[in-house]
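Novice: Those protein sequence lines, which keep their order, are chains R and L. Position one of the first sequence corresponds to residue 1 (my numbering), numbered consecutively onward. Position one of the second sequence corresponds to residue 111 (my numbering), numbered consecutively onward. Cβ coordinates follow ideal geometry from the N, Cα and C atoms, glycine included.
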Amino acid sequence: NAGVTQTPKFQVLKTGQSMTLQCAQDMNHNSMYWYRQDPGMGLRLIYYSASEGTTDKGEVPNGYNVSRLNKREFSLRLESAAPSQTSVYFCASSVVYEQYFGPGTRLTVT
Amino acid sequence: GNSVTQMEGPVTLSEEAFLTINCTYTATGYPSLFWYVQYPGEGLQLLLKATKADDKGSNKGFEATYRKETTSFHLEKGSVQVSDSAVYFCALQIPNNNDMRFGAGTRLTVKP
Chain R
1 NAGVTQTPKF QVLKTGQSMT LQCAQDMNHN SMYWYRQDPG MGLRLIYYSA
51 SEGTTDKGEV PNGYNVSRLN KREFSLRLES AAPSQTSVYF CASSVVYEQY
101 FGPGTRLTVT
Chain L
111 GNSVTQMEGP VTLSEEAFLT INCTYTATGY PSLFWYVQYP GEGLQLLLKA
161 TKADDKGSNK GFEATYRKET TSFHLEKGSV QVSDSAVYFC ALQIPNNNDM
211 RFGAGTRLTV KP
């Protein structure tokens, strides 16, 4: 099992460009999440999906959209990137209490 | 709202020293509490958890006890190793709620 995979690992964007971060899990989990990690702030939830076909906003959803394509895949889209979105992005999936995290995508917006 | 406060780092210890990382929480209801660990260049991994008051979570020599009276979940290890160098995150989750709240993280460096 690969667990939770994310692509790409690194990305540099110019202000105003768009991109989609991809996430997939092979553990048959219903719930999936997108977080951003910023220095001194821990992880903050952007969006989550409790099951296929549903998505909900987390703590910091502005500037992002998500798609739960199927049970395995949950993508995060930045329509018009801003420097404030420079961060490390983590995808996770969960069963009951434990969340399993991907390796992260380091995004820089210049 | 629900939140977690953990001691600021960085924490630097010598090998075999005793470790405590403090964590306190504010929550409505009865949260489950977690410690996650992040090694360099990796995602977070669950280290231990406790789901009700007075529960003790333990794993790999680390322990934490859910103290409802002091709203705390401090992480301890009796003898740290160089391989324990990582960032440690305290977190809480209200049952039946998908919103997990993390502390800011504490970076631990263990020197030989």
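(1) Whole angstroms is fine: what's the gap from Met210(L)'s alpha carbon to Leu157(L)'s?
(2) Please report the straight-line C-alpha distance between Cys23(R) and Asn62(R), rounded to a whole angstrom.
(3) Measuring straight from C-alpha to C-alpha, what distance separates Gly215(L) and Gln37(R)?
(4) Which residues of the region 80–108 of chain R have a Cβ closer than 7 Å to any Cβ of chain L? Give them in chain order.
(5) Within 10 Å of its beta-carbon, does Ser124(L) have 16 or more other beta-carbons around it, so buried, or fewer, so exposed?
(6) When you compare the CB positions of Tyr100(R) and Gly3(R), do they come within less than 8 Å of one another, or not?
(7) For Gln116(L) and Lys159(L), what's the separation of their Cα atoms in angstroms?
(8) May I ask you to verify whether the region 159–169 of chain L touches the region 140–151 of chain L, counting CB pairs closer than 8 Å and requiring at least 3?
(9) Distance cutoff 8 Å, beta carbons only. Does Thr161(L) sit that close to anything in chain R?
(10) Report the partner residues of Phe10(R) according to the DSSP bridge assignment.
(11) On the DSSP bridge list, what partners appear for Ile131(L)?
(12) Residues of chain R with CB under 9 Å from Ser142(L), in chain order?
(13) Give a yes or no on whether 8 Å exceeds the smallest Cβ distance from Leu43(R) to chain L.
(14) For the region 121–174 of chain L, which segments carrying the beta strand (DSSP E) assignment without a break, of at least 3 residues, lie completely within its bounds, in sequence order?
(15) Look at the Cβ atom of Val109(R), then the Cβ atom of Leu13(R), and state whether they are nearer than 8 Å.
(16) Can you tell which of Ile46(R), Ala50(R), Lys9(R) has the C-alpha that lies nearest to the C-alpha of Asn30(R)?
(17) I want to verify the contact list: residues of chain R whose CB lies under 8 Å from the CB of Ala214(L), in sequence order.
(18) With a threshold of 8 Å on Cβ separation, who are the neighbours of Asn112(L) within its own chain once the five nearest residues in sequence on each side are excluded?
(19) Taking a cut of 7 Å between CB atoms, which residues from the region 113–140 of chain L lie near chain R?
(20) Let me check understanding here. Comparing Cα to Cα, which of Pro150(L), Glu118(L), Leu154(L) lies closest to Asp34(R)?
Specialist: Let's see:
(1) To locate residue 210(L), count along the second sequence from 1; it is residue 100. To locate residue 157(L), count along the second sequence from 1; it is residue 47. Cα-Cα distance, rounded: 15 Å.
(2) Locating residue 23(R) in the first sequence gives position 23, where the first residue counts as 1. Locating residue 62(R) in the first sequence gives position 62, where the first residue counts as 1. In this structure, the straight-line span from the alpha carbon of Cys23(R) to that of Asn62(R) is close to 20 Å.
(3) Walking along the second sequence from the start, residue 215(L) turns up at place 105. Walking along the first sequence from the start, residue 37(R) turns up at place 37. One C-alpha to the other measures close to 10 Å.
(4) Residues passing the 7 Å Cβ filter: Phe90, Tyr97, Glu98, Gln99, Phe101, Gly102, Pro103, Gly104.
(5) On the second sequence, residue 124(L) is found 14 positions in, with the first residue counted as 1. Under this definition Ser124(L) is an exposed residue.
(6) Within the first sequence, numbered from 1, the residue matching residue 100(R) stands at position 100. Within the first sequence, numbered from 1, the residue matching residue 3(R) stands at position 3. The answer is yes: Cβ separation under 8 Å.
(7) Numbered from 1 along the second sequence, position 6 holds the residue referred to as residue 116(L). Numbered from 1 along the second sequence, position 49 holds the residue referred to as residue 159(L). Gln116(L) and Lys159(L): Cα-Cα distance of roughly 16 Å.
(8) Verdict: yes, contact present.
(9) For this step, residue 161(L) is matched to residue 51 along the second sequence. Output row for Thr161(L): interface = yes.
(10) Translated into the one-based positions of the first sequence, residue 10(R) becomes position 10. Phe10(R) is bridged to Arg106(R).
(11) As a first step, residue 131(L) is located in the second sequence; it is residue number 21 there, counting from the start. According to DSSP, Ile131(L) bridges with Leu185(L).
(12) Working through the second sequence from its first residue, we reach residue 142(L) at position 32. Residues of chain R passing the Cβ test: Tyr97.
(13) Taking the first sequence and counting its residues from 1, the one referred to as residue 43(R) is at position 43. At a cut-off of 8 Å between beta-carbon atoms, Leu43(R) makes contact with chain L.
(14) Counting only runs that start and end inside the region 121–174 of chain L, the beta strand (DSSP E) elements of at least 3 residues fall at 121–124, 129–131, 133–136, 142–148, 154–160, 166–169.
(15) Indexing the first sequence from 1 puts residue 109(R) at position 109. Indexing the first sequence from 1 puts residue 13(R) at position 13. Result yes, Cβ atoms of Val109(R) and Leu13(R) sit closer than 8 Å.
(16) Within the first sequence, numbered from 1, the residue matching residue 30(R) stands at position 30. Comparing alpha carbon positions, the residue from Ile46(R), Ala50(R), Lys9(R) closest to Asn30(R) is Ala50(R).
(17) Here residue 214(L) refers to the residue found at position 104 of the second sequence. Correct list: Gly40, Met41, Gly42.
(18) Taking the second sequence and counting its residues from 1, the one referred to as residue 112(L) is at position 2. So the list reads Tyr135, Thr136, Ala137, Thr138, Pro141, Leu202, Ile204, Asp209, Arg211, once near-sequence residues are dropped.
(19) Those would be none; no residue qualifies.
(20) Locating residue 34(R) in the first sequence gives position 34, where the first residue counts as 1. Before going on, a small fix: residue 34(R) reads as Trp here, not Asp. Ranking the options by Cα distance to Trp34(R), first place goes to Leu154(L).
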